[in-house]
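Peer 1: Each residue of the sequence shown is one higher than the last, beginning at 1 in the numbering used here.
There's a structure below that I have some questions on.
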Amino acid sequence: MESLEALHQRIPIVDAHLDLAYDLYAKRRNGRTHVIRDEYLEDFRKGGVRVVVSSLFVDGRDLPEGALHQALGQVGALYAELRETPELALCRSYPEIEAALGAGKIALLLSFEGVEPLGNEEELLPVFYELGVRMVGLCWSRRNLAADGALYSDEPQGQKSGLSPFGYRLVEKALSLGMLIDVSHLNDEGFADVMKLSDRPVIASHSNTRSLLPTPRNLSDRQIEAIAATGGVIGINGVSSLVGASAEEATLGRLADHMEQIVRVGGEDCLGLGFDFAEKILAPGASFVVGGNDVRAFDILGTHAGLPRLTEELLRRGWSARRIEKVYGGNFLRVYRQWFQ
């Protein structure tokens, strides 16, 4: 029987969502260099992670005027780290991903987590495409000019809406460029609009299942089925506030429960990993209101180095190496191979 270590080394593991560029930008502004080498690289290796999607996420304190500046600053910080760290490669196509993996490098991709940097100008999207952005999450859990975000709890708010006219144009522009749409953080109305517009797999890079934790930020069974029907993939989120209704409930076992529920509803071809490791960027003691409860936010696996613990749990539950290979990397790589040529 294949050992756990051998399994991790054989599979090109994909983490479809990490706020890496955000962290790099903040630390390099304070004079740091070689942040990936010093804080991330060893954990990537211990977890067997070979492909990482870095989001471009703009802190609310910089909205709206500073959004474009911060997004470009994040890209610049990532580019600087690439120059300092030969073990990494920024990839704009699937052949470039293959080349990076073949050379023993970690492949990095870029995505939007909220399109605030574009303002109301969809013509800026091709500029970010040239910089390497290949996936578009229209919003974080807040409203912007394109869409309404899914809140973490049923907080009082004004009238919900789907995509704005700008949001519609932006989706059409993204699809024409060959980009994928990421529905994590979209509210239900925006999700429905994207499903009508997209002619290719739709991804949810870092979302869990609403049936196990009823927060609007998670996906309903019907949404899971809809994503699976497009050939898309859902990246399981390892942040406690989307796993359990309390810190005590947000366990490794409960995370595995979310994974099994997504497989039951959508099949094993629609599940991937998108851990959203956040403790590096959240203020100590940060929490989210989920289902009326104040849930402290922490990373259930700690870092990527904790991934073998999840693998052990899934093997204990009877998951085959073939299923783990699909979920840990094969499913997202299938979509990248289809669309990032």
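Glycine residues also receive a C-beta, built at the ideal position from the N, C-alpha and C atoms.
Here the structure is a predicted model, which is why all the values come from computation and not from measurement.
Count the other CB atoms, across all protein chains shown, that sit within 10 Å of the CB of E172; report buried if there are 16 or more and exposed otherwise.
Peer 2: When all chains shown are included, E172 counts as exposed.
Peer 1: Please list the segments of the alpha helix (DSSP H) lying wholly inside the region 9 to 65, counting only runs of 4 or more residues, in order along the chain.
Peer 2: Taking only runs of at least 4 residues, the alpha helix (DSSP H) segments lying wholly in the region 9 to 65 are 20 to 29, 41 to 47.
Peer 1: Under the assumption that G178 contacts N144 (Cβ atoms under 8 Å), give the Cβ distance between them as a whole number of angstroms.
Peer 2: At roughly 23 Å, the Cβ-Cβ gap does not stay under 8 Å, so G178 and N144 are not in contact.
Peer 1: Using a Cβ-Cβ cutoff of less than 8 Å, which residues in the same chain neighbour Q9 once the five nearest sequence positions on both sides are dropped?
Peer 2: For Q9, where only same-chain residues beyond five positions count, the Cβ hits under 8 Å are G48.
Peer 1: Keeping to the same chain, check which residues put their C-beta closer than 7 Å to that of D221; ignore five residues upstream and five downstream.
Peer 2: Same-chain partners within the cutoff: S211, V265.
Peer 1: Starting from S111, follow the beta strand (DSSP E) in both directions and report where the run begins and ends.
Peer 2: Start and end: 106 to 113.
Peer 1: Relative to the C-alpha of R316, which residue among A256, G330, V75 is closest?
Peer 2: Considering only alpha carbons, the answer is A256.
Peer 1: S320: buried (16+ other C-beta within 10 angstroms of its C-beta) or exposed?
Peer 2: By the 10 Å Cβ count, S320 comes out exposed.
Peer 1: Would you mind giving the Cβ-Cβ distance between F332 and V233, rounded to the nearest angstrom? I have them listed as a contact below 8 Å.
Peer 2: Yes, F332 and V233 are in contact; Cβ-Cβ is about 5 Å, under 8 Å.
Peer 1: The alpha helix (DSSP H) spanning A67 covers which residue range?
Peer 2: A67 -> alpha helix (DSSP H) spans 67 to 84.
Peer 1: Give the DSSP bridge partners of M135, in chain order.
Peer 2: The partner list for M135 (beta bridge, DSSP) reads S111, L180.
Peer 1: Between I252 and V183, what straight-line distance do the alpha-carbon atoms span, to the nearest angstrom?
Peer 2: Just to set this straight, residue 252 is Leu in the shown sequence, not Ile. Whole-angstrom Cα-Cα distance: 25 Å.
Peer 1: Could you tell me which of R323, A247, L110, F57 sits nearest to I300, measuring between CA atoms?
Peer 2: Taking only the C-alpha atoms, the option nearest I300 is A247.
Peer 1: Would you grab the beta carbon distance between G272 and V194 for me? Rounded to a whole angstrom, and I think it's under 8 Å.
Peer 2: Actually they are not in contact, since the Cβ atoms of G272 and V194 sit about 18 Å apart, beyond 8 Å.
Peer 1: DSSP three-state label for I97, please.
Peer 2: I97: helix per DSSP, three-state reduction.
Peer 1: Below 6 Å CB to CB, which residues in the same chain sit around L20 once its five sequence neighbours on both sides are set aside?
Peer 2: Contacts found: S54.
Peer 1: Run the CB neighbour count on S241, radius 10 Å, all protein chains shown included, and call it buried at 16 or more, exposed below.
Peer 2: Buried, because 16 or more other Cβ atoms sit within 10 Å of the Cβ of S241.
Peer 1: Could you check the C-alpha separation between P12 and Y94 for me, to the nearest Å?
Peer 2: Near 13 Å, if we compare the C-alpha coordinates of Y94 and P12.
Peer 1: Hey, out of I227, M259, I324, H34, whose CA is closest to L82's CA?
Peer 2: Residue H34 is the option with its Cα nearest to L82.
Peer 1: Would H258 and T209 qualify as a contact pair, given that the criterion is a beta-carbon distance under 8 Å?
Peer 2: Result yes, Cβ atoms of H258 and T209 sit closer than 8 Å.
Peer 1: Got a sec? Which residues, its chain only, sit under 7 Å from A77 by beta carbon, not counting five neighbours each side?
Peer 2: Cβ neighbours of A77 beyond the five flanking positions: A21, L24, Y25, R28.
Peer 1: Just to confirm, is the Cβ distance from L88 to L56 under 8 Å?
Peer 2: No, Cβ-Cβ distance for L88 and L56 is not below 8 Å.
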